[in-house]
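Colleague: Heads up: the sequence lines are chains A and B, in that order. Every letter in the first sequence is one number past the one before it in our numbering, and letter 50, counting from 1, is 50. Every letter in the second sequence is one number past the one before it in our numbering, and letter 2, counting from 1, is 217. Glycine included, each C-beta is placed from N, C-alpha and C at the ideal position.
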Amino acid sequence: MNIFRLAGDLTHLASVLVLLLKIHTIKSCAGISLKTQELYAIVFATRYLDLFTTYISLYNTLMKLIFLGSSFSIVWYIRKHKIVRRSYDKDQDTFRHYFIVLPCFVLALIIHEKFTVREVLWAFSLYLEAVAILPQLVLLQRTRNIDNLTGQYVFLLGAYRALYILNWIYRYFTEPHFVHWITWISGLVQTLLYADFFYYYFQSMKNNGKLQLPA
Amino acid sequence: VDTDSIKDEL
């Protein structure tokens with residue numbers, strides 16, 4: 001464990017807690033893409049399969065439970081909660097996310113570290129995580145300005161993966177033959193997807209206005 | 216056992 005990875009995990013944790021807090025306190029999910037939340041639930045379900053079989057550390061198990069629990073409860077809130085669901089903007093959140101699930105799955109069948117169920121699902125979860133934010137970014141473009149909590153959520157989500165890239169660089173130089181192209185390329189693509197959002201996010205911080213995304 | 220170290224990441 002190194003500082004970059006710990007910072008990345010805590011940033012990731014903060015992003016889901018910010019989102020849960022927002023939905024739980026103001027009982028609204030305005031501006032949040034259910035599709036992205038469903039994709040994240042799939043990412044965690046397919047990546048944390050080994051939760052019950054291999055024990056790595058208390059930290060690892062605890063974090064996996066928190067991520068699984070929070071992502072599924074966010075999906076439940078938006079789909080089922082009688083008040084929250086009313087604020088879900090389903091005719092704006094129209095990204096056909098099955099069109100990214102299938103290609104990711106096909107890609108995982110082609111490119112993986114080993115052709116076993118666990119490895120293929122693990123690669124699938126990495127590819128899917130890289131593009132899971134797309135419905136949310138599309139929704140932000142459509143609804144133009146977004147409230148601060150959603151902005152913070154997306155920012156923290158992007159920052160976590162950027163910190164992970166620093167972690168991979170650190171591990172590459174400190175651990176012999178630590179080479180994992182699948183993880184590295186997926187993580188890089190994921191972070192690049194956030195790049196333009198980061199640009200507008202910092203712009204809005206500078207001129208202290210609401211976050212205005214260009215049409 | 217190949218402790219695939221990348222798998223200990225979240």
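Below 7 Å CB to CB, which residues in the same chain sit around residue 189 of chain A once its five sequence neighbours on both sides are set aside?
Modeller: Cβ within range, chain order: 130.
Colleague: In chain order, which continuous runs of the alpha helix (DSSP H) of length 4 or greater are located wholly inside the stretch 24-71 of chain A?
Modeller: Taking only runs of at least 4 residues, the alpha helix (DSSP H) segments lying wholly in the stretch 24-71 of chain A are 34-47.
Colleague: Check whether the Cβ of residue 63 of chain A lies closer than 7 Å to any Cβ atom in chain B.
Modeller: Yes, because at least one Cβ of chain B sits closer than 7 Å to the Cβ of residue 63 of chain A.
Colleague: By how many angstroms is the C-alpha of residue 25 of chain A removed from the C-alpha of residue 65 of chain A?
Modeller: Rounded to the nearest angstrom, the two C-alpha atoms are 22 Å apart.
Colleague: I'd like to confirm the pairing. Which residues does DSSP put opposite residue 146 of chain A in its beta bridges?
Modeller: DSSP, once it has assigned bridges, lists A:211 as partnering residue 146 of chain A.
Colleague: What three-state label does DSSP hand residue 113 of chain A in the structure shown?
Modeller: If DSSP states are grouped into helix, strand and coil, residue 113 of chain A belongs with coil.
Colleague: For the stretch 167-187 of chain A, which residues have a CB atom closer than 7 Å to at least one CB atom of chain B, in sequence order?
Modeller: Those residues of the stretch 167-187 of chain A that come within reach of chain B (Cβ to Cβ, closer than 7 Å) are 175, 178, 180 and 183.
Colleague: Taking 7 Å as the CB-CB cut-off, is residue 56 of chain A touching chain B?
Modeller: With 7 Å as the cut-off, residue 56 of chain A counts as an interface residue toward chain B.
Colleague: For residue 183 of chain A and residue 126 of chain A, I'd like the C-alpha separation in whole angstroms.
Modeller: Distance between the alpha carbons of residue 183 of chain A and residue 126 of chain A: 7 Å.
Colleague: Can you find a C-beta in chain B that's less than 7 Å from the C-beta of residue 196 of chain A?
Modeller: Not closer than 7 Å to any Cβ of chain B, the Cβ of residue 196 of chain A fails to qualify, so no.
Colleague: Rounded to whole angstroms, what is the Cα-Cα separation between residue 114 of chain A and residue 79 of chain A?
Modeller: So the two alpha carbons sit approximately 36 Å from each other.
Colleague: Using a Cβ cut-off of 7 Å (strictly closer), state whether residue 9 of chain A contacts chain B.
Modeller: For residue 9 of chain A, the answer is yes, since a Cβ of chain B falls inside 7 Å of its Cβ.
Colleague: Is it buried or exposed, residue 197 of chain A, if we count other Cβ atoms within 10 angstroms and call 16 or more buried?
Modeller: By the 10 Å Cβ count, residue 197 of chain A comes out buried.
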